[in-house]
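**Student:**
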Amino acid sequence: ILIHGGCWQSAINLDNIAMLSAALARDGIATYSIEYRRVGDSRWPDTFRDVGAAVDSLRDAAKAHPLDLSRVVIAGHSAGGHLALWAAARAKLKPGSPLHDASPLLPRGVVSIAGVPDLRSAAADKVCGSAITDLVGGDTTRFSETSPLEMLPLGIPQHLVNGARDPIVVPKWGDQYLTAARKAGDTVSLTLLPDAGHFELIAPAKPAYAAVKQAIAAMLAAK
Numbered sequence: 007i008l009i010h011g012g013c014w015q016s017a018i019n020l021d022n023i024a025m026l027s028a029a030l031a032r033d034g035i036a037t038y039s040i041e042y043r044r045v046g047d048s049r050w051p052d053t054f055r056d057v058g059a060a061v062d063s064l065r066d067a068a069k070a071h072p073l074d075l076s077r078v079v080i081a082g083h084s085a086g087g088h089l090a091l092w093a094a095a096r097a098k099l100k101p102g103s104p105l106h107d108a109s110p111l112l113p114r115g116v117v118s119i120a121g122v123p124d125l126r127s128a129a130a131d132k133v134c135g136s137a138i139t140d141l142v143g144g145d146t147t148r149f150s151e152t153s154p155l156e157m158l159p160l161g162i163p164q165h166l167v168n169g170a171r172d173p174i175v176v177p178k179w180g181d182q183y184l185t186a187a188r189k190a191g192d193t194v195s196l197t198l199l200p201d202a203g204h205f206e207l208i209a210p211a212k213p214a215y216a217a218v219k220q221a222i223a224a225m226l227a228a229k
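Take the numbering used here: the final residue in the sequence shown is number 229, and no numbers are missing along the way.
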């Protein structure tokens, strides 16, 4: 399952990640690119409910295609990396939460590609302007059920692929998340690409693609 980025904003849709999706499919990885309502055309909790519903809809797709639902990996880029980590944590959400699903489809692993693991820090740094605050309807107490860092442990293996030259998702966030997730008991690894920025990670023509593909393939192959 592939989740596109774009600052959670309505102006950017899944076309943003179409080249990566096509490349993974050409390389033998069945890829399910999902869409969701975003800031500018939605209100809390639409984005999260849409992502959860889209992930769960893979069960319907598996009725028509030879998909093994025990071998599902969720990967996302940038804002989509945040949503991929969040989608893997949905089982932690309590019945009283508007984001709760009784039987969420959970992956065997998550690959965050230049993802945002800590909404609170990103909002404080004004990443994507006011989009993160808007994403939670202006109520930052909701970070407790939307920010992966604050939902640890996720209970599912995670691999972060980040660019050392990324000016948007700065490398220190990956390091901080890695430390916190491991301390919480999660299995997490981090690949830091020295010559990559933010967008090279979803460009199949760039060297960074090999690391992204390897991370996804390794999660799919894991026992």
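By construction, the Cβ of each residue, glycine as well, lies at the ideal position given by its N, Cα and C atoms.
Given that a residue counts as buried once 16 or more other Cβ atoms are within 10 Å of its Cβ, and exposed if not, what is D140?
**Tutor:** Its Cβ being crowded by 16 or more others within 10 Å, D140 is buried.
**Student:** So what does DSSP say about S127, is it helix, strand or coil?
**Tutor:** In the structure shown, S127 sits in a helix (DSSP, three-state: H, G or I).
**Student:** What number of angstroms, rounded off, separates the C-alpha of D33 from the C-alpha of P72?
**Tutor:** Near 17 Å, if we compare the C-alpha coordinates of P72 and D33.
**Student:** Candidates H165, K178, R171: which alpha carbon is nearest D192's?
**Tutor:** That would be H165, whose Cα lies nearest to the Cα of D192.
**Student:** For S109, which three-state DSSP category applies?
**Tutor:** Note: S109 maps to coil in three-state DSSP.
**Student:** Just the C-alpha distance for N19 and I40, rounded to the nearest angstrom, thanks.
**Tutor:** Using only the alpha carbons, I get a separation of about 10 Å.
**Student:** Whole angstroms is fine: what's the gap from Q15's alpha carbon to A93's?
**Tutor:** Rounded to whole angstroms, Q15 to A93 spans 18 Å at the Cα level.
**Student:** With 16 other CB atoms within 10 Å as the buried threshold, where does P104 fall?
**Tutor:** P104 is exposed by the Cβ-count criterion.
**Student:** Using CA coordinates, which residue listed in H204, D66, S118, G102 is at the minimum distance from Q220?
**Tutor:** The option with the nearest alpha carbon to Q220 is S118.
**Student:** For V57, list the residues DSSP reports as bridge partners.
**Tutor:** For V57, which the question treats as bridged, DSSP gives no partner whatsoever.
**Student:** Distance check for R171 and G135, CA to CA, integer angstroms please.
**Tutor:** Their backbone Cα atoms lie some 20 Å apart in a straight line.
**Student:** Compare the Cα-Cα distances from D47 to each of A68, S27, G143, L158 and report the closest residue.
**Tutor:** The option with the nearest alpha carbon to D47 is G143.
**Student:** Whole angstroms are fine: how far does the CA of Y38 sit from the CA of L64?
**Tutor:** Roughly 8 Å between the two C-alpha positions.
**Student:** For L111, which residues of its own chain have a beta-carbon under 8 Å away from its beta-carbon, when the five flanking residues on both sides are left out?
**Tutor:** Cβ within range, chain order: V61, D62, L64, R65, L75, V78.
**Student:** DSSP state of H88, grouped into three classes?
**Tutor:** Of the three classes helix, strand and coil, the one that applies to H88 here is helix, per DSSP.
**Student:** Going by DSSP, name the residue or residues bridged to G115.
**Tutor:** Answer by DSSP bridge pairing, in chain order: V79.
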